[in-house]
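Protein chains in written order, with the numbering used here: chain A, 1 to 146; chain B, 147 to 470.
Note that CB positions come from ideal geometry on N, CA and C, so glycine has one too.
Presented below is the structure to which this report refers.
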Amino acid sequence: MSLENKEFKPKIVAFCCNWCSYAGADLAGSSRLSYPADVKIIRVPCSCRVNPMFILRAFEKGADGVIMCGCHPGDCHYSTGNYYARRRMTLLFSMLDYIGVENGRTRVEWVSAAEGVKFSETMNSFVEKIYSLGENVRLGDLRCKK
Amino acid sequence: MQEVVNRAKELLADGTVARVLGWKAGDLPYNPEPAYFETAEALEDFVYNGFCGANLSKYMIEASKLEGKTLVCLKPCDTYSFNQLIKEHRVDRDKAYIIGVGCKGKLDIERIKKQGIKGIESIEGAEITDAADTLKVHTIYGEKTCAYADAMLERCHVCKGKDHMIYDELIGESKETKDGERFDEVARIEAMSPEEKFAFFQSELSKCIRCNACRNACPACSCRKCVFDSNKFDSSQKANVDTFEEKMFHIIRAFHVAGRCTDCGECSRVCPQGIPLHLFNRKFIKDIDELYGEYQAGEDTESKAPLTNYTFEDAEPSIVGKRG
Numbered sequence: 001m002s003l004e005n006k007e008f009k010p011k012i013v014a015f016c017c018n019w020c021s022y023a024g025a026d027l028a029g030s031s032r033l034s035y036p037a038d039v040k041i042i043r044v045p046c047s048c049r050v051n052p053m054f055i056l057r058a059f060e061k062g063a064d065g066v067i068m069c070g071c072h073p074g075d076c077h078y079s080t081g082n083y084y085a086r087r088r089m090t091l092l093f094s095m096l097d098y099i100g101v102e103n104g105r106t107r108v109e110w111v112s113a114a115e116g117v118k119f120s121e122t123m124n125s126f127v128e129k130i131y132s133l134g135e136n137v138r139l140g141d142l143r144c145k146k
Numbered sequence: 147m148q149e150v151v152n153r154a155k156e157l158l159a160d161g162t163v164a165r166v167l168g169w170k171a172g173d174l175p176y177n178p179e180p181a182y183f184e185t186a187e188a189l190e191d192f193v194y195n196g197f198c199g200a201n202l203s204k205y206m207i208e209a210s211k212l213e214g215k216t217l218v219c220l221k222p223c224d225t226y227s228f229n230q231l232i233k234e235h236r237v238d239r240d241k242a243y244i245i246g247v248g249c250k251g252k253l254d255i256e257r258i259k260k261q262g263i264k265g266i267e268s269i270e271g272a273e274i275t276d277a278a279d280t281l282k283v284h285t286i287y288g289e290k291t292c293a294y295a296d297a298m299l300e301r302c303h304v305c306k307g308k309d310h311m312i313y314d315e316l317i318g319e320s321k322e323t324k325d326g327e328r329f330d331e332v333a334r335i336e337a338m339s340p341e342e343k344f345a346f347f348q349s350e351l352s353k354c355i356r357c358n359a360c361r362n363a364c365p366a367c368s369c370r371k372c373v374f375d376s377n378k379f380d381s382s383q384k385a386n387v388d389t390f391e392e393k394m395f396h397i398i399r400a401f402h403v404a405g406r407c408t409d410c411g412e413c414s415r416v417c418p419q420g421i422p423l424h425l426f427n428r429k430f431i432k433d434i435d436e437l438y439g440e441y442q443a444g445e446d447t448e449s450k451a452p453l454t455n456y457t458f459e460d461a462e463p464s465i466v467g468k469r470g
C-alpha cells in the first residue's frame, strides 16, 4: 500500500527510550531507511518514564496512534525499567480497548540500538495500520463536552 | 447492634479506646452517616443497619493521628481496605481497635426508589438483627414491601466473602449474599464492538459532575496531595485544572488505584449520578487476575502489588489484541 497521495495525515506519537529505540531511530536515519514523517518521536530516558497519562494526553490532543519503543526485556539500561513499563502498558492498552479505542492504535515494540531496520519496519507497519483505522475521533470527547 | 454499643461502652469505660468510629442516624431514614462517639451518652445515637454502607477504613487515616486508640467498626469488605492501608503505611494498626461487624448485605436506596417506592417515611427490616428477607417501607402513600435482595447494592450481589481479614473481635452474624459473578458485567462490555463500548462509556461518563465524591470516598485514593487538586484557585478538592483532566478523570483515577483497589464498591455507591465506576476498577482487577495471577488487594499486608512487581515472562502488551 502506498502511503502517498492520501488526504488523511495521521498524527502518530512515538515514545522512544534514549538508550535503545532512539539510537535505533538514529541508525535507521543514518542507514537511509525511510519511515513516514507522520511519526513524531519523543525521547524519554527509559520506557518506564512513560506515564500512562502521556498516552492519554496524546490521544486527547488528537493523536491517531501512540507507539512506545524501549529496550528488549532484559536489556534495560536501568536493569528493570521496561519490565514495569510492560505491565503498565498492557493494563493501559487493555483499558483503552475496553473504553472503545481500537487496539491497533496502541503498540509497544522493543527495538534495540542495532535494529535500525526493525525500527523503520515497525513504523511503516504501524502507520499503515493507522491509515486503515482512520482518524481517532474518540477520547477527544469522552464526556460529550463538544 | 446493641452488642456493639455495649462492648463499645465497656471499652470506653476501661480506657482501651478513646473514641468510637461508627455510624449515626442521618436526616433521612436511609442515610446513616459516619460519626465519632467519645462518651457513653453519645453512643446512644449509634446505629448499624442495612444502610450503613460507608467504608470506615479511610477515616482511620485521620484517626491514626489522634491521641489514643480508636474503636472502628468494619464490615468484612472494609477490612480489605484497612489491610491495604496498613500495607501503604497510611493507618497505624496499633491505633485501631477493630470490631468486625456482621453484614447481611447493604442496601441501596436508589434501588428501592427504582421499584416505584416514593415518599419514604421509615423502613423496617433493615436492622442487622432481622432475618433480612423483606423490607417494610412506610411511605406517605401507605405501606409497601420490597425483597431485601432486590434492594441490595450491586457490590453485595458479587460479595467477596463474609470473612473479616483483620479484626480484634467479631460481633454479629453475617449472611451470604453473593448471587452473581463479579466479572460478568465487565465481560459483557468486553464483548461489545469498539463503537458500542465507546458509546456506553460516553453516555455514562457524560453524567459526571466532577463532585469528586468517588475520590473522597475511595480508601485507595489516600494521597496527601492529589493530582486532581487544583492549586490554581487555592481551593483544593474542586475545579478541573484543564480539559484533559476533566475528560480523563475516571480513567486516570482507575489507573492510580489499579492493583490497590480492593473492589469495595464505594465509588459507585457514593456517586450521585449513579455512574457504575466500579466497572473501570474491576476491568483492571480482571486483567491483573488473568495476566499476572489471582490477586486480591487487601487480603494480606505483605504481598507485592502487581504494578510494583514483574516477572521475566510477563505477557507482552500485544496480548490485548490477541485476546480478541
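query: Can you tell me the Cα-Cα spacing of residue 226(B) and residue 300(B), whole angstroms?; result: 18 Å
query: Comparing C-alpha positions only, which one of 297(B), 201(B), 162(B) and 195(B) sits nearest to residue 222(B)?; result: 201(B)
query: Is the shortest distance between the beta-carbon of residue 44(A) and the beta-carbons of chain B less than 8 Å?; result: no
query: Does the Cβ of residue 150(B) have 16 or more other Cβ atoms within 10 Å, making it buried, or fewer, making it exposed?; result: buried
query: Can you tell which of 404(B), 469(B), 369(B) and 170(B) has the C-alpha that lies nearest to the C-alpha of residue 441(B)?; result: 404(B)
query: Going by DSSP, what residue range makes up the beta strand (DSSP E) through residue 182(B)?; result: 179 to 183
query: Which residue or residues does DSSP assign as beta-bridge partners of residue 195(B)?; result: 273(B)
query: Can you tell me which residues form a DSSP beta bridge with residue 81(A)?; result: In the DSSP output, where bridge partners are listed per residue, residue 81(A) has none listed.
query: How should residue 229(B) be labelled, buried or exposed, when 16 other C-beta atoms within 10 angstroms of its C-beta is the threshold for buried?; result: buried
query: Could you tell me if residue 326(B) is buried or exposed, where buried requires 16 or more neighbouring beta carbons within 10 angstroms of its beta carbon?; result: exposed
query: Confirm, please, whether the CB-CB distance from residue 247(B) to residue 292(B) is below 8 Å.; result: no
query: Consider the Cβ of residue 83(A): report whether some Cβ of chain B lies at a distance smaller than 8 Å.; result: yes
query: Residue 458(B): buried (16+ other C-beta within 10 angstroms of its C-beta) or exposed?; result: exposed
query: Whose C-alpha, out of 70(A), 66(A) and 7(A), is nearest the C-alpha of residue 23(A)?; result: 70(A)
query: Beta strand (DSSP E) containing residue 205(B): first to last residue?; result: Not the beta strand (DSSP E): residue 205(B) falls in the alpha helix (DSSP H), residues 205 to 209.
query: So, residue 107(A) versus residue 126(A), is the Cβ gap smaller than 8 Å?; result: yes
query: How many Å lie between residue 238(B) and residue 211(B) at the Cα?; result: 8 Å
query: Can you tell which of 196(B), 370(B), 243(B) and 430(B) has its C-alpha closest to the C-alpha of residue 166(B)?; result: 243(B)
query: Taking only beta-carbon atoms, is residue 108(A) less than 8 Å away from chain B?; result: yes
query: Report yes or no: do the segment 309 to 319 of chain B and the segment 277 to 291 of chain B share at least 3 C-beta pairs separated by less than 8 Å?; result: no
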